[in-house]
Amino acid sequence: MSQDTLVKRQFGHHARLALSPAEESKADAQAHAARTMWNCLHAWWQMMPKEKRTLANADAAIRQARQDIGFLAVLPAQAAQAVLKTYFRAWKNCWEGRADAPNFKGRFRSVMSVDVPQGRDLNMVRVHRRWGMANIPKVGRVRFRWTKDLPTGKRSNPENRITGARLVKDALGWHIAFRVQSLENKPEPHTGPEVGIDVGINVPIALSDGETHEHGEWLTAREKARLLHLEQRAAQRKRHRKPGERTSRRLHHTYDQIAGLRAKAKRRALDWQHKTTTAIARTYGTVVVEALTITNMLKSARGTVEEPGTNVAQKTGLNRSVSGEAWGRTVTLLTYKTARHGGTLHKVPAPGTSRRCSACGITTPGSRESQAVFVCRNPDCGWSGNADHNAARNVLHLYRTGLALVPAAGRAVVRRAKRVKPATAR
Numbered sequence: 004m005s006q007d008t009l010v011k012r013q014f015g016h017h018a019r020l021a022l023s024p025a026e027e028s029k030a031d032a033q034a035h036a037a038r039t040m041w042n043c044l045h046a047w048w049q050m051m052p053k054e055k056r057t058l059a060n061a062d063a064a065i066r067q068a069r070q071d072i073g074f075l076a077v078l079p080a081q082a083a084q085a086v087l088k089t090y091f092r093a094w095k096n097c098w099e100g101r102a103d104a105p106n107f108k109g110r111f112r113s114v115m116s117v118d119v120p121q122g123r124d125l126n127m128v129r130v131h132r133r134w135g136m137a138n139i140p141k142v143g144r145v146r147f148r149w150t151k152d153l154p155t156g157k158r159s160n161p162e163n164r165i166t167g168a169r170l171v172k173d174a175l176g177w178h179i180a181f182r183v184q185s186l187e188n189k190p191e192p193h194t195g196p197e198v199g200i201d202v203g204i205n206v207p208i209a210l211s212d213g214e215t216h217e218h219g220e221w222l223t224a225r226e227k228a229r230l231l232h233l234e235q236r237a238a239q240r241k242r243h244r245k246p247g248e249r250t251s252r253r254l255h256h257t258y259d260q261i262a263g264l265r266a267k268a269k270r271r272a273l274d275w276q277h278k279t280t281t282a283i284a285r286t287y288g289t290v291v292v293e294a295l296t297i298t299n300m301l302k303s304a305r306g307t308v309e310e311p312g313t314n315v316a317q318k319t320g321l322n323r324s325v326s327g328e329a330w331g332r333t334v335t336l337l338t339y340k341t342a343r344h345g346g347t348l349h350k351v352p353a354p355g356t357s358r359r360c361s362a363c364g365i366t367t368p369g370s371r372e373s374q375a376v377f378v379c380r381n382p383d384c385g386w387s388g389n390a391d392h393n394a395a396r397n398v399l400h401l402y403r404t405g406l407a408l409v410p411a412a413g414r415a416v417v418r419r420a421k422r423v424k425p426a427t428a429r
């Protein structure tokens with residue numbers, strides 16, 4: 004098989020870990036050591052002159068820190084090197100305008116994680132159909148949930164292998180994310196139809212061909228009542244806490260319970276998004292979406308003291324609903340899934356797609372009578388239909404008329420963050 008028909012892919016696979024109390028304690032200790040290593044690196048960076056902020060000097064600093072600070076020894080040496088590389092990558096992302104400057108990591112506000120940079124250290128085996136085992140440095144042999152075939156044993160080779168992993172702890176426990184490198188057949192061009200997509204709140208995904216993809220509530224009525232009860236309990240305990248007093252263990256336990264319910268809702272939402280975007284990528288060859296600036300859409304309506312905003316509570320509820328639908332994540336999933344199936348994804352300008360009539364092409368004030376009903380006020384048209392489907396048809400029309408947004412030089416245009424000097428000026 005020629006190299007032109009093959010393509011190398013990098014993807015991740017998450018699996019749930021089944022740790023004993025002793026193993027979980029070791030993983031927690033490594034995660035706290037990794038966070039402390041990050042904070043030590045950040046303090047060193049701020050203290051050193053610019054000309055001495057090099058990778059070699061930073062490596063020498065963390066080696067000395069592992070000797071001077073006893074509890075940092077629980078972190079494997081390769082995991083400490085991964086912290087160093089991640090920290091320098093964070094600064095590079097900041098300089099190139101892709102992210103804010105790195106900062107100190109708090110104990111309760113940062114994600115607990117540990118890297119296993121080398122895939123050969125895992126020594127993975129499949130125990131039976133549901134479980135596998137992997138070796139975690141300085142933790143031991145641990146079990147994980149086997150939900151997807153992984154290139155282990157005879158299936159592993161230089162072209163299809165596990166290159167590393169990352170342990171991550173969320174509200175539902177410890178998980179392992181495998182980094183998998185695979186050599187796959189280059190997909191043939193998708194010959195499916197074109198489709199425009201309009202995203203919303205009441206109708207999450209509406210397609211230009213009349214199809215819709217909807218979902219129910221992410222939490223059951225009983226779970227939502229439980230969440231409300233826990234939030235009220237947390238607010239009451241926080242209200243009775245004295246200024247400057249440390250958060251009690253009971254309040255932290257309540258916060259953990261709230262985080263567990265919210266994590267459960269997020270997982271259900273992510274599962275629905277994965278299944279929906281996979282179905283769209285398999286069915287359609289060309290997918291067209293709106294280029295939404297979600298950050299601007301989520302701005303508060305509170306205003307200032309001199310000029311207070313109006314309908315603040317309503318705008319807050321709208322922002323919460325928009326954030327819950329995670330439109331940006333939907334587009335991200337569609338981007339790589341359409342490419343994997345041989346299709347393409349395009350973005351078109353968003354303004355006016357919900358107010359323009361898809362039949363006559365004229366924008367007439369008052370045509371959108373409600374969230375779901377669109378009736379064209381043009382006397383020569385009078386078309387009526389679902390407002391979401393009308394917007395999706397307009398999205399597809401913009402692509403067909405050649406108004407798709409073309410990234411500069413074949414890549415996305417990145418705007419440099421404010422108050423950050425370009426790399427050439429450093």
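Sequential numbering of the sequence shown, starting at 4, is according to my numbering. Glycine included, each C-beta is placed from N, C-alpha and C at the ideal position.
When Cys363, Glu217, Val142 are compared, the shortest CA-CA separation from Leu22 is found for Val142. Taking the Cα of Val351 as reference, the smallest distance to any Cα among Thr366, Glu293, Arg403 is reached at Glu293. Under DSSP, the beta-bridge partners assigned to Trp177 are Lys172. In the pairwise beta carbon analysis, the segment 168–176 is classified as touching the segment 112–119: at least three pairs are separated by under 8 Å.
Around Ala284, the same chain offers Val290, Leu337, Lys340, Thr341, Arg343, His344, Gly346 as residues with beta carbons nearer than 8 Å, after the five sequence neighbours per side are excluded. The beta carbon of Gln13 is closer than 6 Å to those of Gln184 in its chain, skipping five residues each way along the sequence. Shown here, Phe147 sits in a strand according to DSSP, grouped into three states. Going by DSSP, Ile204 is part of no beta strand (DSSP E) at all; its letter is neither H nor E.
For Glu372, the three-state secondary structure derived from DSSP is coil.
About 5 Å separates the CB atoms of Trp221 and Arg271; that is less than 8 Å, so the two are in contact. Gly135 has its alpha-carbon roughly 23 Å from the corresponding atom of Gln81.
In this structure, the alpha-carbon of Lys269 lies about 9 Å from that of Gly327. In terms of Cα proximity to Val130, the closest of Gly156, His256, Val315 is Gly156. Pairing Gly263 with Leu175 gives a Cβ-Cβ distance under 8 Å.
One thing to note: Val202 has its Cβ no nearer than 8 Å to the Cβ of Thr335. The beta carbon of Ala76 sits closer than 7 Å to those of Arg69, all from its chain and outside the five residues before and after it, given in chain order.
Sixteen is the threshold: when 16 or more other Cβ atoms of the shown chains lie within 10 Å of the Cβ of Phe181, as they do, the residue is buried.
Distance from Arg38 to Ser159 at the Cβ level is roughly 32 Å; contact not present, criterion being Cβ atoms closer than 8 Å.
Residue environment: Met40 is assigned as buried (16 or more neighbouring CB atoms within 10 Å of its CB, all protein chains considered).
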